[in-house]
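Residue numbers (this note's numbering), protein chains in the order written: chain A, 13 to 402; chain B, 23 to 314. In this text, a Cβ means the ideal position worked out from N, Cα and C, and glycines have one as well. Report on one structure; see the data block that follows.
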Ligand SMILES: Cc1cc2nc3c(=O)[nH]c(=O)nc-3n(C[C@H](O)[C@H](O)[C@H](O)COP(=O)(O)OP(=O)(O)OC[C@H]3O[C@@H](n4cnc5c(N)ncnc54)[C@H](O)[C@@H]3O)c2cc1C
Ligand code: SF4
Ligand code: SF4
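Put into structure tokens, the structure is as follows:
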């Protein structure tokens, strides 16, 4: 490439986190370039559910981040030209044993005192929200603040809007090296040429560890596979997003809520169901560490189907038309890694969102734009620092 | 079922086929000779006074020969060059109608003039949803779908061929006997194509039927710079419907190749994901997924 590329800020990764960061930076008038190895939304952001789930977050900084993020969705839905299918539908988490009920009740209490509205429902009370549930379902918790969004449209919508505001988006352009001199980022080497830039945001999802190596920093992000079944389209039947308590158990590693079945535990099986605006019902999901393999497996598909029938018996009549798998960028504690890196000025991390990246994308984008442009953030991101692991 | 039309219009003065001397002879009542190469027809016309015989109106030299294969009497020959037009031998034919049922171009019909009295029985294939019944009236149409007039249905059979194909025998005046290529049971309500509102012309046809996505939508999405087939699918939902793209991915790849200036090979196929065909969730949850 003969022309010399340069940009005030280079964002590595065109997933939901990179796109959100580009969007908020452009809002502030920054000159932005997004460098994406494949296509927009080709990573986890294009292979996931669209839960904007608050009741699955840990009270404390995690919940705070999610609450702030959730508040940004309505205005994003307004501002973006793409319909992101944002639906403030509320969410239900189902318990299949009294022990799980007890655990959910305790959590509801903790979440409530942290400012989140959560209500416990008996099996009878569930009827109002859900069509027939399985016999083993003992009840559940309902969080009116939970919502749903189309993750692909969200990613594409954010990127498109950023582009309209002046961002350059390079697709099929892989970052191969980052040049640091005098403790400062200077240049990003890509398959499309070298880009001069003094500020680089790493939003490379499961590629973040590789990016970290380029500046000799260990970014502990591992791919965690999640598999999903997609059913045929149906008229609206699910009014809310739905999950099972084991989903929270495997997600947040809560011993009391882990699946008892050995195979389910091995697959990290946790029930999720949501009906997309298209009418398809997405049934999930698993959590496995199998490297960069994103294929779907017969075992997991069987297990997801069986598990789904346990919670919502009527799904047995649906045709499954597709399956898919995505690789969550997972940090050791499952929480995002946000902030700067010691000794390398101009390098910022926005990665490791694991199973929360869609939900946390708006706030991540906003905080990152503040950090890059002002050097400080409106919300304390210290708890998400890379250095919490050391 | 969509049928390839191998027949042309049924103006029997002209035949579009260039094979074996099909230069447009046509049989007429009243002593006019059946000039030219449609000798088969002339002979068939004569023989049809004694028995039912197959008449072949096949005009395009495309690779096709089910008629030959279907005939156990050896009465139809296409020969080694599969593109050649079929030749029939009315004497050998016993009027079983298998060739009528199998011909994908609806180019074969049976002619039977035994009844006499200026009437002929014509047997044509029928594949629409309605049930034609013996004794009822039906409209006889020519190869362009133009109505010739009404005739009585004498017989309905499922002779040979695919189960969906029925053979309908219609009694018509001899004058039209060679023009009938089909029957119609219903009135056609829409007379003029212009009257159909919102019809998208061939330039903007549906590429993905499951998701009802038209070509221009795909073009527009492709114009946003997506590089791979997978990305185009994610962005437009094309190919993400019930059929999983079995029907639409090929035209789509070509479209995207054109738009992106890349070759279809470079675009890849997207990663096919199980199940290959829609499968009941209960089956997936109960049995072994590998046998579905
Ligand atoms: C099955 C499943 C269900 C999920 N459900 C939910 C949910 O309901 N709610 C929710 O909030 N979250 C959910 N998630 C999590 C969510 O999908 C992720 O957290 C989020 O998509 C991460 O976004 P990202 O932008 O960090 O990563 P990605 O979307 O993976 O994007 C990273 C991008 O960086 C690019 N890249 C990598 N390396 C390089 C390089 N060297 N040069 C250039 N580009 C590079 C990649 O090509 C990729 O496009 C789910 C995930 C899965 C797998
Ligand atoms: S009607 Fe029967 S016998 Fe006659 S040509 Fe057709 S297949 Fe052969
Ligand atoms: S089956 Fe025979 S008559 Fe029919 S189109 Fe093919 S070659 Fe022609």
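Item, Value
"Chain B within 8 Å of residue 308/A, Cβ atoms only", "yes"
"Where the region 50–64 of chain A meets chain B: residues whose CB sits under 8 Å from a CB there", "50, 51, 52, 53, 54 and 58"
"Bridge partners - residue 255/A, DSSP secondary structure assignment", "105/A and 284/A"
"Contacts that residue 248/B makes with chain A (C-beta to C-beta distance below 8 Å)", "51, 52 and 183"
"Residues that residue 300/B contacts on chain A, provided the C-beta gap is smaller than 8 Å", "244, 331, 332 and 333"
"Minimum Cβ-Cβ distance from residue 94/B to chain A less than 8 Å", "no"
"Test: residue 304/B CB closer than 8 Å to a CB of chain A", "yes"
"C-beta neighbour in chain B for residue 313/A, strict 8 Å", "yes"
"Residue 339/A CB to nearest heavy atom of ligand 1 below 7 Å", "yes"
"Backbone secondary structure at residue 222/A - three-state DSSP", "helix"
"Cα-Cα separation, residue 44/A to residue 379/A", "16 Å"
"Residue 222/A beta carbon near ligand 1 (any heavy atom closer than 7 Å)", "yes"
"Pairwise C-alpha distance: residue 250/A and residue 145/A", "12 Å"
"Near-chain A residues of the region 255–278 of chain B (beta-carbon distance less than 9 Å), N- to C-terminal order", "256, 257, 259, 262, 263, 264, 265 and 266"
"Three-way DSSP call (helix, strand, coil) for residue 45/B in this model", "The pLDDT assigned to residue 45/B is 33, lower than 50, so where the model puts this residue is not dependable; a value taken from the coordinates is nonetheless given after this. Coil at residue 45/B, not helix or strand."
"Buried or exposed (CB count within 10 angstroms, at least 16 for buried), residue 51/A", "buried"
"Proximity test, residue 112/A beta-carbon vs ligand 5 heavy atom, cut-off 7 Å", "Inclusion of ligand 5 in the displayed structure is not the case, the ligand content consisting of ligand 1, ligand 2 and ligand 3 alone."
"beta-carbon residue 19/A near ligand 1 non-hydrogen atom, thresh 7 Å", "no"
"Residue 240/A beta carbon less than 8 Å from that of residue 46/A", "no"
"CB contact below 8 Å: residue 253/B versus chain A", "yes"
"Member of 210/A, 282/A and 360/A whose CA lies at the smallest distance from the CA of residue 108/A", "282/A"
"Backbone CA spacing between residue 264/B and residue 300/B [nearest angstrom]", "7 Å"
"Sub-8 Å separation of residue 302/B and residue 95/A beta-carbons", "no"
"Whole-angstrom distance between residue 229/B and residue 221/B, CA atom to CA atom", "Unreliable placement is indicated for residue 221/B, whose pLDDT of 47 sits below 50; the coordinate value is still reported in the next sentence. So the alpha carbons of these two residues sit roughly 15 Å apart."
"Per-residue DSSP class, three states only, for residue 308/A", "coil"
"Proximal chain B residues relative to residue 328/A, where beta-carbon distance stays under 8 Å", "302, 303, 304 and 307"
"Partner residues on chain B for residue 168/A, Cβ-Cβ distance less than 9 Å", "246, 256 and 257"
"The region 331–351 of chain A contacting the region 232–239 of chain A, beta-carbon criterion three pairs below 8 Å", "yes"
"Rounded distance between the beta-carbons of residue 151/B and residue 162/B, thought under 8 Å", "Incorrect: roughly 19 Å between the Cβ atoms, too far for contact."
"Residue environment, residue 399/A, which counts as buried when at least 16 other CB atoms sit within 10 Å", "exposed"
"Selected residue, minimal CA-CA separation from residue 145/B, among 179/B, 107/B and 167/B", "179/B"
"Distance, residue 202/B Cα to residue 157/B Cα", "18 Å"
"Rounded C-alpha distance that separates residue 228/A from residue 196/A", "13 Å"
"Nearest residue (CA-CA) to residue 286/B, options 294/B, 119/B, 297/B and 271/B", "271/B"
"Start and end residues, beta strand (DSSP E) containing residue 236/A", "234–245"
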